[in-house]
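Take a look at the structure below.
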Amino acid sequence: MPDDNEMNLLGILFVFLVIAPNYLVAEESDMQLVDSFFIDNTEVTVGKFKKFAAETGIVTKAEKTGGGFVFADGWEQKVGWNWRNPFGTIANKDEPAVHITYDEASKYCEWLGKRLPMDQEWTLAAYTEKRLKANGLFKYNNTYSYPLGNKPIGANCLNDCGRSVAINYSELLDRGIGHARVGKTKAGINGLFDMGANVWEWVNIDNDDYKGTRGGSWWYGAHKMHRDSPVALKPRETAAVYIGFRCVKDR
409 MPDDNEMNLL GILFVFLVIA PNYLVAEESD MQLVDSFFID NTEVTVGKFK KFAAETGIVT
469 KAEKTGGGFV FADGWEQKVG WNWRNPFGTI ANKDEPAVHI TYDEASKYCE WLGKRLPMDQ
529 EWTLAAYTEK RLKANGLFKY NNTYSYPLGN KPIGANCLND CGRSVAINYS ELLDRGIGHA
589 RVGKTKAGIN GLFDMGANVW EWVNIDNDDY KGTRGGSWWY GAHKMHRDSP VALKPRETAA
649 VYIGFRCVKD R
């Protein structure tokens, strides 16, 4: 008899399937294959992080300590600003989850059987086209200056990126407008959204105290999303209004 099946007395074969809960399944339809790994098409959203928080009971550092940070005349803590209320007001479910530390982001990815990208993985996905068919916009194995090609137009940055599609939080900020909902800017290399600007994204580097962030954000001009811009190091416990993340999964 089959090891994983059962038969009833009439000889009818029954097959029992164990279905994993949705939150344990890394949906590859929401990811893009880049060489030996899959990467999320978009930054992790408030809606997705909310499911994680409900299931695990996690309370983030920004929630525990009264609020996340923004840089003005130095780092300033903003009371009540966290992933639920990134600018002090309730977020839409499709906004990027921000005010998330490196370790909180890592736990989210692990919850889905994924992980945070290594720096070299992130940069490969951001700047080098790995799709054999890229709709004629990009050429296979070509490396570009920006995640959108040779120009930054279409990203959500402070300047040099063209018309902004950001949610206007400018009344709450000393600089910039704020982030855009995920998937609303122009798709770039490998079909990915917001690898340049919108929010910084955590990446793994070989350092215990500091971790990397890539892509720049709405707070910066296009220079921070250029291929030659170095990885920006931040203490791993940083929870700020313009730092989010996306996950990867080994093939």
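Numbering (my numbering), first residue to last: 409 to 659. Think of the CB as a built atom: it goes at the ideal place given N, C-alpha and C, for glycine as much as any other residue. Keep in mind that this is a model prediction, so the values were computed, not measured.
Beta strand (DSSP E) segment containing residue i, residue limits
i	result
THR621	618-622
LEU441	439-442
ALA640	640-643
TRP489	Taken as a continuous stretch (DSSP letters only), TRP489 belongs to no beta strand (DSSP E), as it is neither H nor E.
LYS657	656-658
ILE447	445-448
PHE479	477-479
GLU609	608-611
Integer Cβ distance of residue i from residue j, believed to fall under 8 Å
i	j	result
VAL454	ILE651	The pair is not a contact, with the Cβ atoms about 14 Å apart (cut-off 8 Å).
ILE561	ALA574	With a Cβ gap of about 15 Å, ILE561 and ALA574 do not count as contacting.
ALA499	MET603	At roughly 21 Å, the Cβ-Cβ gap does not stay under 8 Å, so ALA499 and MET603 are not in contact.
MET633	ALA588	Actually they are not in contact, since the Cβ atoms of MET633 and ALA588 sit about 14 Å apart, beyond 8 Å.
TYR618	ARG644	7 Å
GLY624	TRP608	7 Å
GLY599	ASP527	Their Cβ separation, rounded to whole angstroms, is 21 Å, which puts GLY599 and ASP527 out of contact at 8 Å.
ASN564	THR531	Their Cβ separation, rounded to whole angstroms, is 20 Å, which puts ASN564 and THR531 out of contact at 8 Å.
Span separating the alpha-carbon of residue i from that of residue j
i	j	result
TRP627	ILE613	23 Å
GLN485	TYR548	44 Å
VAL639	ARG523	19 Å
GLY488	VAL649	12 Å
SER437	ARG539	15 Å
PRO555	ILE597	6 Å
ALA513	ASN543	32 Å
GLY465	VAL611	24 Å
GLY482	ASP582	12 Å
MET439	PHE446	6 Å
ASP443	ASP568	31 Å
LYS456	ARG492	11 Å
THR551	TYR535	5 Å
ASN490	GLU503	12 Å
LEU441	VAL656	9 Å
GLY557	ALA595	10 Å
ASP412	TYR577	With a pLDDT of only 39 at ASP412, under 50, the local geometry of the prediction cannot be trusted, and no value is derived from it.
ASP658	LYS515	16 Å
ASP448	GLU529	12 Å
SER637	LYS559	15 Å
HIS631	GLY570	14 Å
PRO429	LYS541	Residue confidence is low: PRO429 scores 45 on pLDDT, short of 50, so the model does not pin down where it sits. Its coordinate-derived value is still stated next. Roughly 33 Å between the two C-alpha positions.
PHE546	LYS458	35 Å
SER572	LEU566	9 Å
LEU641	PRO525	15 Å
First and last residue of the uninterrupted alpha helix (DSSP H) at residue i
i	result
ALA682	Residue 682 cannot be examined here, being either before or after the span of the chain that is shown, 409 to 659.
LEU532	527-535
GLU471	469-472
GLU512	510-519
C-beta atoms of residue i and residue j nearer than 7 Å
i	j	result
THR497	VAL590	no
LEU580	PHE479	no
ARG622	SER553	no
GLY474	ALA647	no
PHE601	TRP519	no
7 Å Cβ cutoff, residue i in contact with chain E
i	result
CYS565	Judged by its chain identifiers, the structure shown contains no chain E, having just a single protein chain.
Contact between the stretch 500-520 and the stretch 467-480: three or more CB pairs below 8 Å? yes
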